[in-house]
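Under full-length UniProt numbering, the letters of the sequence shown match residues 1 to 472, in that order. Glycine is no exception: its CB is placed at the ideal position from the N, C-alpha and C atoms. Here is the structure we will look at, set down as structure tokens.
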Amino acid sequence: MNGKGSIEDKIKSYRFAALNLAVLHYHFNHKDEALTALKESIKMAQEVSDNICLQHALSWLFCLTQCNRDKLIEHSILKSLEINLSYVMSLGILSFGQYGGLTCGNPKQIFETLTRSDLINYQHSHLDLISYSFVQKSSLWLFYGKTEMSSLWSQLLLNFNTSNKQITRNYYGEGFCDALCNIATYMYQQGEYGIANTLYGFARERFPSEPVSHVWMLSENIFQFIYYLYHEKFADAEIIAQKISTFNKWESCLRMAEMYLCKCDYSRAHYCVNQILSKCQEGKRRFRIDIQVRAMILLAEIQCATSFPDFVSPGILTLLNSSLAYCSDYHLEYYTSLVELHITNVQLLTGMPAQALTVLDRCLVQVLAHGGFYDRARALLLYAKCLVAYSRNKTEEEKKKDTFDAANMLNKSREYFQKVEAYSRVKNVLLLQAQLFNQINAISERNKCTMEYRIMDEEHPTTNPYKLITSL
């Protein structure tokens, strides 16, 4: 501190030093220490009516508290507009859009709100907020289940010219890393593992330092987990799931539950899911609603796997309908379709193929349009099983035709599973195809499927050959 500085300058430096200390603690996830430093900064700013410091502090208070967040950000936006703090105002609008998306906000109004932030960002050349706005829209579209729109906004950011005329180079901020990871996720869901690895390699090279590195690390670990899960390398998948807990505890719980479910270790899977759902029952939920919905879906799968074939508990449908209500409230269209797929599967297991087909007709288009190859394959496999089950009450000629159509439809399901290297599911489809062709005396087609099954079984032994019966 320069000794010639005025007392006002010294006090001002103390205010912003406390604010910077709060920001530093926040990045280290020291929430209590950050809040203490922030309150000190606010107290000093209020004593001298420093509105600029107060508005910056208010924007960080929004990040650190769970109470009255809507009122906090609304006040920050209005006050920033009054004193012409364009950056803080635009950031507040973006934060308000994110808050609205996570709290049952109307999607149309949320995207209209984000457009106002875009106008401010372009007027004042806030490059980081321009990038953040692209990522915000991409994330919201993904949250609502429109993966194609999400991918489009990420691609727009990656192709967006953010060069600054003064420094003649592009701006690469956290938003750019988010967009890279979003495209990488889209690629591996389509089975393009090589492209996904290339994108993660670029992100690793471009963003080696924390905290931005956590973005691609989490995304890459999820990709590796899914890869090992599809290949039934459960020991490797468990190691990766434990690594994920470094970045996101609840995501790690869900991935561990998925892994234990695939291993048929239902007690451990139930324990992992219950860690999440117990927080919801206690009213202490501190995670997004989609985490809760995924946990409820996994619990339904666990209950179905443990009870079938003795019986299928009606509580499973009650659980799925509850998750469907959450999806409707929060506009989670893709998760709505996934829940309806599971409802269809339960109805099929309980001998209601007609009702199952009715539900499936509502959700199939959404899954095929916005789902990854694995989900598309599962949807087509379920559709084929429903067609065969529904044809049992038809004439022999109609039954034969429906069975033949269903068996051929499974070619596309097998192709999707093959693309993402889910070899155990490929064998499930081949086994079902062979049985269907055998029912209608299509001997050559049956023999072809059995031969392919034997070859694949030698290359990729299956740990759970009965998974086809109950799983989606």
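Heavy atom of the ligand SAH less than 6 Å from the Cβ of ASN393, yes or no?
Ligands displayed in this structure: none; no statement on the ligand SAH is therefore possible.
Whole alpha helix (DSSP H) runs in the region 219 to 275 with 4 or more residues, listed along the chain?
Counting only runs of 4 or more, we get 234 to 244, 249 to 262.
ASP50, DSSP secondary structure in three states
Here the question's residue 50 lines up with position 50 in the sequence shown. In the displayed model, ASP50 falls within coil according to three-state DSSP, outside both helix and strand.
Taking DSSP as the reference, what is the three-state secondary structure of SER471?
Counting from 1 along the sequence shown, the entry for residue 471 is found at position 471. If DSSP states are grouped into helix, strand and coil, SER471 belongs with coil.
Could you tell me the distance, in whole angstroms, from the CA atom of ALA79 to the CA atom of ALA22?
Taking the sequence shown and counting its residues from 1, the one referred to as residue 79 is at position 79. Taking the sequence shown and counting its residues from 1, the one referred to as residue 22 is at position 22. In the sequence on display, residue 79 carries Lys and not Ala. Looking at the two C-alpha atoms, the distance is approximately 21 Å.
Could you check the C-alpha separation between ARG116 and GLY92 for me, to the nearest Å?
Stepping through the sequence shown from its first residue, residue 116 is reached at position 116. Stepping through the sequence shown from its first residue, residue 92 is reached at position 92. Cα to Cα, the separation comes out at about 11 Å.
Give the straight-line distance between the Cα atoms of ILE244 and MET259, rounded to the nearest whole angstrom.
Along the sequence shown, one-based indexing puts residue 244 at 244. Along the sequence shown, one-based indexing puts residue 259 at 259. Their Cα atoms are separated by approximately 13 Å.
Between the C-alpha atoms of THR168 and GLN418, what's the straight-line distance to the nearest angstrom?
Here residue 168 is taken as the residue at index 168 of the sequence shown, counted from 1. Here residue 418 is taken as the residue at index 418 of the sequence shown, counted from 1. Any reading at THR168 must be qualified, since the residue scores a pLDDT of 40, below 50, and its modelled position is unreliable; no value is offered.
Less than 8 Å between the CB atoms is what I'm expecting for SER90 and ASN121, so what's the real figure, rounded?
Taking the first residue of the sequence shown as 1, we reach residue 90 at position 90. Taking the first residue of the sequence shown as 1, we reach residue 121 at position 121. ASN121 and SER90 do touch by the CB rule: their CB atoms are close to 6 Å apart, below 8 Å.
Do SER424 and GLU148 have their C-beta atoms within less than 7 Å of each other?
Here residue 424 corresponds to residue number 424 of the sequence shown, with the count starting at 1. Here residue 148 corresponds to residue number 148 of the sequence shown, with the count starting at 1. No. Outside cutoff.
Beta-carbon separation of ILE291 and TRP250 under 7 Å?
As a first step, residue 291 is located in the sequence shown; it is residue number 291 there, counting from the start. As a first step, residue 250 is located in the sequence shown; it is residue number 250 there, counting from the start. Taking 7 Å as the Cβ cut-off, ILE291 and TRP250 qualify as a contacting pair.
Simplified DSSP state of PHE160, which is helix, strand or coil:
Within the sequence shown, residue 160 is the residue found at index 160, counting from 1. Here PHE160 sits in coil by DSSP.
Nonlocal neighbours in the same chain, by C-beta distance under 7 Å from HIS331, ignoring five residues either side
Against the sequence shown, residue 331 aligns to sequence position 331. PRO107, TYR144, listed in sequence order.
Tell me the residue span of the alpha helix (DSSP H) that contains ALA379.
Counting from one through the sequence shown, the residue named residue 379 turns up at place 379. Per DSSP, ALA379 belongs to the alpha helix (DSSP H) from 373 to 390.
When you compare the region 194 to 210 with the region 423 to 442, are there three or more beta-carbon pairs, one atom per stretch, that lie closer than 8 Å?
Contact fails between the region 194 to 210 and the region 423 to 442, because fewer than three Cβ pairs, one in each stretch, are under 8 Å apart.
Relative to the C-alpha of PHE16, which residue among ASN393, ALA37, LYS31, HIS27 is closest?
Stepping through the sequence shown from its first residue, residue 16 is reached at position 16. Nearest C-alpha to PHE16 among ASN393, ALA37, LYS31, HIS27: ALA37.
Using 8 Å for Cβ pairs, my map puts ALA241 next to MET256. What's the rounded Cβ distance?
For the purposes of this step, residue 241 is identified with residue 241 of the sequence shown, where counting begins at 1. For the purposes of this step, residue 256 is identified with residue 256 of the sequence shown, where counting begins at 1. So it is a contact: roughly 5 Å between Cβ atoms.
Going by other Cβ atoms of all chains shown within 10 Å of its Cβ, with 16 needed for buried, is PHE28 buried or exposed?
Taking the first residue of the sequence shown as 1, we reach residue 28 at position 28. Label assigned to PHE28: exposed.
At what residues does the alpha helix (DSSP H) containing SER424 begin and finish?
Counting from one through the sequence shown, the residue named residue 424 turns up at place 424. Run containing SER424: 423 to 439, per the alpha helix (DSSP H) assignment.
Residues near SER252 by beta carbon distance below 6 Å, same chain, minus five either side
On the sequence shown, residue 252 is found 252 positions in, with the first residue counted as 1. Result list for SER252: ALA241, ILE244, SER245, in chain order.
Range of the contiguous alpha helix (DSSP H) that encloses TYR416:
By 1-based counting over the sequence shown, the position of residue 416 is 416. From DSSP, the alpha helix (DSSP H) with TYR416 extends over 396 to 419.
Using a threshold of 7 Å, state whether the C-beta atoms of GLN355 and THR403 are closer than that.
Position 355 of the sequence shown holds residue 355. Position 403 of the sequence shown holds residue 403. Going by beta carbons, GLN355 and THR403 fall outside the 7 Å limit.
Through-space distance from VAL273 to HIS218, alpha-carbon basis
Position 218 of the sequence shown, counting from 1, holds the residue named residue 218. Position 273 of the sequence shown, counting from 1, holds the residue named residue 273. The identity of residue 218 in the sequence shown is Leu, whereas the question assumes His. Rounded to the nearest angstrom, the two C-alpha atoms are 20 Å apart.
Which residue comes first and which comes last in the alpha helix (DSSP H) that contains GLY351?
Sequence index remark: in the sequence shown, residue 351 carries index 351 (1-based). No alpha helix (DSSP H) contains GLY351, which DSSP labels as neither H nor E.
Proximal residues to ILE42 (C-beta, below 7 Å), its chain only, five neighbours per side dropped
The residue given as residue 42 occupies position 42 in the sequence shown. Correct list, in chain order: LEU54, ALA57.
Give a yes or no on whether the C-beta atoms belonging to residue 475 and VAL215 are separated by under 7 Å.
In this structure the chain extends from 1 to 472, so residue 475 is not present and cannot be described.
Outcome for HIS124 when other beta-carbon atoms lying within 10 angstroms are tallied against a minimum of 16
Locating residue 124 in the sequence shown gives position 124, counting from the first residue. Exposed: under 16 other Cβ atoms inside 10 Å.
Should SER323 go down as buried or exposed, given a rule of 16 or more other Cβ atoms within 10 Å for buried?
Numbered from 1 along the sequence shown, position 323 holds the residue referred to as residue 323. Looking at its Cβ environment, which holds 16 or more other Cβ atoms inside 10 Å, SER323 is buried.
Here's the rule I'm using: 16 or more other beta-carbon atoms within 10 Å means buried, otherwise exposed. How should ASN159 be labelled?
Locating residue 159 in the sequence shown gives position 159, counting from the first residue. It counts as exposed.
I need the DSSP call for LYS43, collapsed to helix, strand or coil.
Position 43 of the sequence shown, counted from the first residue, corresponds to residue 43. For LYS43, the three-state secondary structure derived from DSSP is helix.
Return the residue from the list PHE111, ARG204, VAL88, LYS448 that minimises the CA-CA distance to LEU129.
Indexing the sequence shown from 1 puts residue 129 at position 129. For LEU129, the nearest C-alpha among the options comes from VAL88.
Tell me the rounded alpha-carbon separation between ALA389 and TYR416.
Your numbering for residue 389 matches position 389 in the sequence shown. Your numbering for residue 416 matches position 416 in the sequence shown. When the Cα atoms are used, ALA389 and TYR416 turn out to be separated by approximately 23 Å.
Taking DSSP as the reference, what is the three-state secondary structure of SER131?
In the sequence shown, the residue the question calls residue 131 occupies position 131. Helix.
Just checking my contact of TYR270 with ILE316 at CB under 8 Å: how many whole Å lie between their CB atoms?
Within the sequence shown, numbered from 1, the residue matching residue 270 stands at position 270. Within the sequence shown, numbered from 1, the residue matching residue 316 stands at position 316. In the sequence as presented, Tyr is not what sits at residue 270; that position holds His. Not a contact, Cβ separation roughly 13 Å.
Here's a check: name, in chain order, each residue in its chain whose Cβ is nearer than 6 Å to the Cβ of LYS4, leaving out the five neighbours to either side.
Position 4 of the sequence shown, counted from the first residue, corresponds to residue 4. For LYS4, the predicted model reports a pLDDT of 45, less than 50, meaning its position is unreliable; a value from the coordinates is still stated below. Result list for LYS4: empty, nothing under 6 Å.
Which residue's Cα is closest to the Cα of PRO309: ILE226, GLN190, THR350?
To locate residue 309, count along the sequence shown from 1; it is residue 309. Comparing Cα-Cα distances from PRO309 to each of ILE226, GLN190, THR350, the minimum goes to THR350.
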